[in-house]
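Colleague: Just dropping this structure here.
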Ligand code: ADP
Ligand code: MG
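Residue numbers (the numbering used here): 19 to 251.
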């Protein structure tokens, strides 16, 4: 399905949050690199998908009512065998109803696990009443949530603007390599930022979007979690 179809389908069903696999599909169609993932409705499907995409995999709850999947025990990483898929699937199905009793469950996303050694960053987007589409960049974890170390730009923006945003955060040195950690590929991150701005400009129904985290490496960057919220109508 095209981004337009996914968005209008969600609105028709009265949903303002795209489901995990829908959000992934939207960003993928904008050329944003994202970890391969498919929706499983049962354990057998999950095992089949895992063997198709290759281990290790990550399992994640998919629900129109859940925004922060790990808060409800809905994310299990580092799964290495069919037996572990079965175990993780059942564990998530047990965890989620305890923490979110009324949440509808669509299924479980089986996703390729990103390689170790990357740095987690965040690209966000929102629609400001005055400025229109605005994009945000920051490092994952405490850097955004506690230190608020982020940079913003109003769309449209060039690749150079996006590179400037990356260089503007206080923690930029972490991206430039330290001790045994090599520098990350800033070009790949800038490319994602520019595409997020374009996505917001071309899809006015999107209210906000979060790629959190994107895992940055010396040679590439890959999105492992995408949240897209539509405007209330
Ligand atoms: P949520 O933000 O809804 O809690 P995420 O999909 O972001 O759920 O998963 C929680 C955390 O698990 C991420 O911040 C990341 O550290 C890790 N993670 C998720 N998916 C992957 C993946 N495919 N590869 C490696 N790590 C992952
Ligand atoms: Mg996340």
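Built from N, CA and C at the ideal position, the CB exists for glycine as well.
Which same chain residues end up closer than 7 Å to residue 34 when comparing Cβ atoms and leaving out the 5 residues on each side of it in sequence?
Modeller: 247, 248, 250, listed in sequence order.
Colleague: Measuring only from the beta carbon, is residue 129 closer than 7 Å to any heavy atom that is part of the ligand ADP?
Modeller: Under cutoff, so the answer is yes.
Colleague: Per DSSP, residue 141 forms a beta bridge with which residues?
Modeller: According to DSSP, which records beta bridges pairwise, residue 141 is partnered with 155, 229.
Colleague: May I ask whether a heavy atom of the ligand MG can be found less than 7 Å away from the beta carbon of residue 230?
Modeller: Residue 230: yes, Cβ under 7 Å from the ligand MG.
Colleague: Cutting at 6 Å between CB atoms, please list the residues of its own chain near residue 189, excluding the five before and the five after it.
Modeller: Closer than 6 Å at Cβ, skipping near neighbours: 157, 161, 167.
Colleague: Flag this pair as touching only if the region 147–155 and the region 64–77 have three or more C-beta atom pairs under 8 Å; answer yes or no.
Modeller: Output reads no: the region 64–77 does not touch the region 147–155.
Colleague: At which residues does the alpha helix (DSSP H) containing residue 181 begin and terminate?
Modeller: From DSSP, the alpha helix (DSSP H) with residue 181 extends over 177–186.
Colleague: Cβ of residue 89 within 7 Å of any heavy atom in the ligand MG?
Modeller: The answer is no for residue 89.
Colleague: Under the three-state reduction of DSSP, which class applies to residue 107: helix, strand or coil?
Modeller: Helix at residue 107.
Colleague: From the DSSP output, which residues share a beta bridge with residue 129?
Modeller: DSSP lists 55, 76 as partners of residue 129.
Colleague: Taking the straight line between their C-alpha atoms, what separation do you get for residue 22 and residue 217?
Modeller: Roughly 11 Å between the two C-alpha positions.
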